[in-house]
């Protein structure tokens, strides 16, 4: 009789976690376990230990995180580093204690140096200074990678530990955060242009100069990549990574300037006013494009192009606001 794996998705209410659950339901016969924050505070080690002791899942997707844009990272640096460090340390350690063999940790492309060579390959990690506006969050995510690698190095032979890390580029899609001050660039622009259209505003101001370039990946593509990486045989992963450089970039493969992005979103929303740029606000990293050759060598690449994904995302946003 075949064993139906029990899969715990941490952060199932977030954009990434909900997309992973949708993809798991579509592709796998699995018993999916979730807990809300009220049911399980992942920063509480005793609570996390009790949860893993009681449920003993076979696999873990660690998508829970405290996330936000430049302003949120600037206002709450202590919360960003503390909460992310505690969540990942508790989940990874207690997963190991309860015998979980397979875990996938989701990081972020902000782990790389601010001025890393473009496109950014995995070996750029720890080769330079981080972007100051999100350094606390980036430090926490780097620690998560090293937690996974350290448990693999110490316990793979004795316990069969096989913990993997993926580093997605900038994400967007259904389920994103549209907070007027603490959201990422795509949901912020969608909301701003939508409200400007409704209010017949003559212009919309964008933070920064509009010149930084960003790569964007639809969250459904990321979910598909996560399941692909989780299910790869260990010997395949080992052929393409090393014990102390095992993380895998997940990106779309091309980037766009913030000015081009703003123009595209304004067109999709149907906003016809002027777009201005507030150069007193920070730009952040000048460019952030991931090298995804490793993931392509492992047999996966993105399929949802940006305009198609943005149209789908705007439709979702309109439905959710009704």
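Numbering (my numbering), first residue to last: 1 to 322. All C-beta atoms in this analysis are idealised placements derived from N, C-alpha and C, irrespective of residue type, glycine included.
Check the C-beta distance from residue i over to residue j and give it rounded, since I have them as a contact under 8 Å.
i           : j           : result
residue 102 : residue 230 : 6 Å
residue 145 : residue 80  : About 17 Å separates the two Cβ atoms, so there is no contact after all.
residue 12  : residue 18  : 6 Å
residue 287 : residue 118 : 5 Å
residue 215 : residue 298 : Not a contact, Cβ separation roughly 19 Å.
residue 20  : residue 63  : 6 Å
residue 111 : residue 167 : 6 Å
residue 114 : residue 285 : 5 Å
Note down, in chain order, each residue of its chain lying with its Cβ closer than 6 Å to the Cβ of residue i, except the 5 sequence neighbours on either side.
i           : result
residue 202 : 273
residue 165 : 105, 107, 145, 148, 247
residue 225 : 250, 300
residue 140 : 81, 84, 85
Quick one: is residue i buried, meaning 16 or more other Cβ sit within 10 Å of its Cβ, or exposed?
i           : result
residue 129 : exposed
residue 220 : buried
residue 69  : buried
residue 157 : exposed
residue 90  : buried
residue 37  : exposed
residue 296 : exposed
residue 50  : exposed
residue 171 : buried
residue 152 : buried
residue 181 : exposed
residue 176 : buried
residue 321 : exposed
residue 133 : buried
Looking at the unbroken beta strand (DSSP E) that takes in residue i, where does it start and where does it end?
i           : result
residue 164 : 162-168
residue 281 : Segment: none, residue 281 is in no beta strand (DSSP E) and carries neither H nor E.
residue 218 : 216-218
residue 116 : Premise fails: residue 116 is in no beta strand (DSSP E) and is neither H nor E.
residue 205 : 203-207
residue 59  : 59-62
residue 10  : 6-10
residue 250 : 248-250
residue 391 : This structure gives no information on residue 391, because the portion of the chain shown stretches from 1 to 322.
residue 177 : Neither: residue 177 is in no beta strand (DSSP E) and is coded neither H nor E.
residue 102 : 102-106
residue 33  : 31-33
Which residues in the same chain as residue i place their Cβ atom closer than 8 Å to its Cβ, once the five residues preceding and following it in sequence are excluded?
i           : result
residue 31  : 4, 5, 6, 7
residue 124 : 112, 113, 116, 117
Hey, quick one: how far does the alpha helix (DSSP H) through residue i stretch, first residue to last?
i           : result
residue 15  : 15-27
residue 277 : Counting along the chain, residue 277 falls outside any alpha helix (DSSP H), though it belongs to the beta strand (DSSP E) covering 274-278.
residue 86  : 77-97
residue 296 : 293-297
residue 314 : 306-321
residue 236 : 234-240
residue 154 : 135-159
residue 262 : 258-269
residue 186 : 185-198
Report all residues from its chain with a CB closer than 7 Å to the CB of residue i; omit the five preceding and five following residues, and keep chain order.
i           : result
residue 318 : none
residue 209 : 277, 279, 283
residue 291 : 119, 120, 121, 249
residue 27  : 227
residue 314 : 190, 268, 269
residue 9   : 17, 20, 21, 32, 34, 61, 63
residue 316 : 174
Using a Cβ cut-off of 8 Å (strictly closer), state whether residue i contacts chain B.
i          : result
residue 24 : Note that chain B does not occur in the displayed structure, where there is just one protein chain.
For the pair the stretch 68-81 and the stretch 245-256, tell me if three or more CB-CB distances fall below 8 Å. No, they do not touch.
Are three or more beta carbon pairs between the stretch 273-287 and the stretch 300-314 nearer than 8 Å? No, the stretch 273-287 does not touch the stretch 300-314.
Could you say if the stretch 286-304 and the stretch 153-163 meet the contact criterion of at least three C-beta pairs nearer than 8 Å? Segments in contact, no.
Would the stretch 232-244 count as touching the stretch 206-219 if we require 3 or more Cβ pairs under 8 Å? Look at the beta carbons and you see the stretch 232-244 not touching the stretch 206-219: under three pairs across the two are nearer than 8 Å.
Touching by the beta-carbon criterion (3+ pairs, under 8 Å), the stretch 81-96 and the stretch 30-50: Touching, yes, given that three or more Cβ pairs across the two stretches are closer than 8 Å.
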